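Asker: Please find one structure pasted underneath; my questions will follow.
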Amino acid sequence: MDINSPWLYPLIFLFACSFVGTFLWWHARTPTSERRHAAAPTAPVRATNPARPVVVERPRGETSPEPTTTSLSTYSWPMLLDTLAKRPHIGIAGPSRQGKSVLSMALTYLRAVDGHQLVILNSHARPNDYGGLPQIYDYPAINRVMKALLAELGRRKAAAATGVNHFDPITVVLEEAPDVMSKVHGEDGSAAKPKVPVAQRFVGEMLRQAAKYRMHLILVTQTTLVKPLGIEGDSEALDNLLWIAIGDRALEKMKSPLVAPWPAAIEWNCQWFWCNREPAWMLSTRPIDPARLWRVPDSMGDPAGDSPLGTMGTSDESLIDEATLTDVILITKLILAGKSGNEIIDSLGGKRTRRLSQIRHVKQVLDLGA
Numbered sequence: 001m002d003i004n005s006p007w008l009y010p011l012i013f014l015f016a017c018s019f020v021g022t023f024l025w026w027h028a029r030t031p032t033s034e035r036r037h038a039a040a041p042t043a044p045v046r047a048t049n050p051a052r053p054v055v056v057e058r059p060r061g062e063t064s065p066e067p068t069t070t071s072l073s074t075y076s077w078p079m080l081l082d083t084l085a086k087r088p089h090i091g092i093a094g095p096s097r098q099g100k101s102v103l104s105m106a107l108t109y110l111r112a113v114d115g116h117q118l119v120i121l122n123s124h125a126r127p128n129d130y131g132g133l134p135q136i137y138d139y140p141a142i143n144r145v146m147k148a149l150l151a152e153l154g155r156r157k158a159a160a161a162t163g164v165n166h167f168d169p170i171t172v173v174l175e176e177a178p179d180v181m182s183k184v185h186g187e188d189g190s191a192a193k194p195k196v197p198v199a200q201r202f203v204g205e206m207l208r209q210a211a212k213y214r215m216h217l218i219l220v221t222q223t224t225l226v227k228p229l230g231i232e233g234d235s236e237a238l239d240n241l242l243w244i245a246i247g248d249r250a251l252e253k254m255k256s257p258l259v260a261p262w263p264a265a266i267e268w269n270c271q272w273f274w275c276n277r278e279p280a281w282m283l284s285t286r287p288i289d290p291a292r293l294w295r296v297p298d299s300m301g302d303p304a305g306d307s308p309l310g311t312m313g314t315s316d317e318s319l320i321d322e323a324t325l326t327d328v329i330l331i332t333k334l335i336l337a338g339k340s341g342n343e344i345i346d347s348l349g350g351k352r353t354r355r356l357s358q359i360r361h362v363k364q365v366l367d368l369g370a
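With the UniProt record's numbering applied, the sequence shown corresponds to residues 1 to 370, in that order.
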């Protein structure tokens, strides 16, 4: 182009304006952290592993703060224990052989140290688990123990109505919950389901009512679906559990491929956080004093009245018109105390015709024995 052309200087002006405008547009849209500064050379920074979470330790000399969704990335072991102590019922979920029972055994040991009486319901029991405590693995025996615990809950509710406000704490561990819920059906442990199976009523009432009477549940399961847990139509009861996800279930809840030997996540206020559970292995191997086993009260058990609910037990059936051994003992005591048939029925409840038949059979046995 000729230097004397009248279009030369306007074109140069337009080019300069476009250059300045492009620079200002880039400057406005680019964050400060991504701009390259030539004046101050950056010092080398040691690379960090982005997959490693930040562990928040409990402040020394202070109680652990309430977990929040803004300040907490990972629960340290002390903070995890403090959080678990605030909730009476705990749910541990995860695939098989990824450490659910290890954490459950560690928490059971801590409950024993805290003075709790213990009941271990585990259909897949092994001799050295749970500090060497006897475990109830036979389905009819589990059925019997669940009924005894429901009766204990009723006794505590009645005592609370009279002004009693102190009860010894009891922690019930329900291992392999879907398996137990599918096998423990009828009042006698048979496969004939009543309207409300014993196991379903036990889990529902424990989660909804037992906490105020110091009865606690640790539920160990591979799934959190209500159908395998046998509480369809009562899913709100699961909201009373503080859930801990283990292994692959933790990775699923956190939606993050964390590389850790013991992945675990805890739910708090509808948010999931990583938690450190590695020290649980050491606690899970410690022995537990057998005196911590819950014992059946005299009114619920055999005449001796002091057998611990940690032995394997037998079926709770009798030959007297579908009556359990506990029913026979109670009916016998009431008859010997001079109670009438109506008074016995009012004390025990149940269907009137069945109770009358049971009372008649017990009286016949007593007459024969005399």
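Backbone N, C-alpha and C fix where the C-beta goes; we use that ideal spot for every residue, glycine too. Since the structure is predicted, the reported quantities are computational estimates derived from the model, not experimental observations.
Give the DSSP-derived three-state secondary structure of LEU229 in the structure shown.
Answerer: coil
Asker: Straight-line CA distance for MET215 to ILE120?
Answerer: 13 Å
Asker: Is ILE288 helix, strand or coil by DSSP?
Answerer: coil
Asker: Determine the DSSP secondary structure at CYS17, reduced to helix, strand or coil.
Answerer: helix
Asker: What did DSSP end up calling PRO65 once you bin it into helix, strand or coil?
Answerer: In this prediction, PRO65 scores a pLDDT of 46, lower than 50, which makes its location untrustworthy; the coordinate-derived value is nonetheless stated afterwards. Reduced to three states, the DSSP call for PRO65 is coil.
Asker: Taking 6 Å as the limit between beta carbons, can you name the residues of its chain near ARG52, skipping five residues before and five after?
Answerer: Confidence in ARG52 is poor, its pLDDT being 42 and thus under 50, which makes the residue's placement unreliable; the coordinate value appears in the next sentence. Nothing meets the Cβ criterion.
Asker: By the 10 Å Cβ neighbour count, where 16 or more other Cβ atoms means buried, how is ILE12 classified, buried or exposed?
Answerer: exposed
Asker: Using beta-carbon positions only, say whether ILE288 and ALA112 come within less than 8 Å of one another.
Answerer: yes
Asker: Where GLY310 and VAL145 are concerned, what is the direct C-alpha to C-alpha distance, given to the nearest angstrom?
Answerer: Low local confidence applies: a pLDDT of 43 at GLY310 is under 50, so the model's placement there is unreliable, and no value is given.
Asker: How big is the Cα-Cα spacing for ALA85 and VAL328?
Answerer: One C-alpha to the other measures close to 40 Å.
Asker: In angstroms, rounded to a whole number, what distance separates the CA positions of LEU238 and ASN269?
Answerer: 14 Å
Asker: With which residues is residue 421 paired in a DSSP beta bridge?
Answerer: The displayed coordinates of the chain run from 1 to 370. Any statement about residue 421 would go beyond what the structure contains.
Asker: What residues are listed by DSSP as bridge partners for TRP243?
Answerer: Partner(s): GLY91.
Asker: Could you give the residue range of the alpha helix (DSSP H) that holds THR83?
Answerer: 77-85
Asker: Would a C-beta distance cut-off of 8 Å place THR221 and GLY99 closer than the cut-off?
Answerer: Not in contact: THR221 and GLY99 (Cβ atoms no closer than 8 Å).
Asker: Can you name, in chain order, every residue of its own chain whose Cβ lies under 8 Å from the Cβ of PRO44, other than the five neighbours on each side?
Answerer: Since pLDDT at PRO44 reaches only 46, below the 50 mark, its modelled position is unreliable, and no value is offered.
Asker: How would you call PRO10, buried or exposed, if buried means at least 16 neighbouring beta carbons within 10 angstroms?
Answerer: The Cβ neighbour count for PRO10, taken over all protein chains shown within 10 Å, is under 16; the residue is labelled exposed.
Asker: Can you list, in chain order, the residues of its chain whose CB lies under 6 Å from that of ALA280, leaving out five sequence neighbours each side?
Answerer: So the qualifying residues of the chain are VAL102, LEU103 and ALA106.
Asker: Quick one: what does DSSP say ALA47 is sitting in, helix, strand or coil?
Answerer: Confidence at ALA47 is low in this model, with a pLDDT of 44, below 50, so its placement is unreliable and the value that follows should be read with caution. Note: ALA47 maps to coil in three-state DSSP.
Asker: Pick helix, strand or coil for ARG214, following the three-state DSSP scheme.
Answerer: coil
Asker: I'd like the span of the alpha helix (DSSP H) that includes THR162, first residue to last.
Answerer: Unbroken run through THR162: none, as it is neither H nor E.
Asker: Give the secondary structure of VAL55 by DSSP, where H, G and I count as helix, E and B as strand, and everything else as coil.
Answerer: Here the model assigns VAL55 a pLDDT of 40, short of 50, so the residue's position is not dependable, and the following value carries that caveat. Reduced to three states, the DSSP call for VAL55 is coil.
Asker: Just to check my reading of the structure: LEU217 and HIS89 have Cβ atoms closer than 8 Å, yes? What is that Cβ distance to the nearest angstrom?
Answerer: In this structure, LEU217 and HIS89 form a Cβ contact; the two beta carbons are roughly 5 Å apart against a cut-off of 8 Å.
Asker: Is it the case that the Cβ atoms of ARG108 and CYS275 are separated by a distance below 8 Å?
Answerer: For the sequence presented, residue 108 should be read as Thr rather than Arg. The answer is no: Cβ separation not under 8 Å.
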